[in-house]
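Let me begin by presenting the structure, written as structure tokens, before commenting on it.
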Amino acid sequence: MNHHFLLIIHLLSATVWVGGHLLLVFGHLPQALKEKDPSIILNYEKKYEPVGMTALVLLVVTGILMAYKYGVSIEYWFQFATPVEKVVSTKLLLLFLTAAFALSAQFRVIPKLKNNPDKLPEMAFHILSVTTIGVLMLIFGSYIRFGGF
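So for the sequence shown, full-length UniProt numbering puts the first residue at 1; every next one is plus one.
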């Protein structure tokens, strides 16, 4: 697959993933916390999840394909030997951290959040963490253009 095409799909997916989380953080989370109303977050998540998860899957697939095009195949993941390996490996670690937060939110926080507004601060922590990780991944991805960091 053409590297330029992969990059465009990757960047569009990153726009949806990070942009959706920034919208949640700045557009919905403050209101939910102020009103102590979990439904504001849950309603947003319900609408965003199909688009956001599709974007995340595309990010993972295009990211792996581009890593291979840069010569960072699976046997070089987590080697941190070259600048590009450092970027790819760091982004993979951040991806695993994102997955851990997502699983925690999905199975531990959200089920309790529906009936317990006191769980909003914990959900806010998960939301802020995933958003911050997404922004960091975007920043680290920009280093590829310069051969890594």
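Note that beta-carbon positions come from the ideal geometry of N, C-alpha and C, so glycine has one too.
For residue i, I'd like the list of residues in its chain whose CB is within less than 7 Å of its CB, leaving aside the five on either flank, ordered along the chain.
i	result
Ser-142	none
Ile-40	His-28, Gln-31, Ala-32
Quick check on the DSSP output: the alpha helix (DSSP H) that includes residue i runs from which residue to which?
i	result
Val-18	3–23
Gln-31	29–35
So what does DSSP say about residue i, is it helix, strand or coil?
i	result
Ser-73	coil
Lys-119	helix
Gln-79	coil
Lys-114	coil
Could you name the residues of the same chain whose beta carbon sits closer than 8 Å to that of residue i, not counting the 5 residues immediately before and after it, in chain order?
i	result
Leu-42	Ile-110, Leu-113, Lys-114
Gly-71	Val-84
Excluding five sequence neighbours on each side, which residues of the same chain lie with their C-beta closer than 6 Å to the C-beta of residue i?
i	result
Val-87	Phe-140, Tyr-143, Ile-144, Gly-148
Thr-90	Phe-140
Q | Cβ contact (3+ pairs, closer than 8 Å) linking the stretch 3–10 and the stretch 54–69 | A | Touching, per the Cβ criterion.
Q) Touching or not, the stretch 130–139 and the stretch 75–83, by the rule of three or more beta carbon pairs under 8 Å? A) At 8 Å Cβ cutoff, the stretches do not touch.
Q: Count the C-beta pairs between the stretch 11–25 and the stretch 42–59 that are closer than 8 Å, then say yes if the count reaches three, no if not.
A: The stretch 11–25 is in contact with the stretch 42–59.
Q) How do the stretch 91–103 and the stretch 117–134 stand: do at least 3 beta-carbon pairs fall below 8 Å, yes or no? A) These segments touch.
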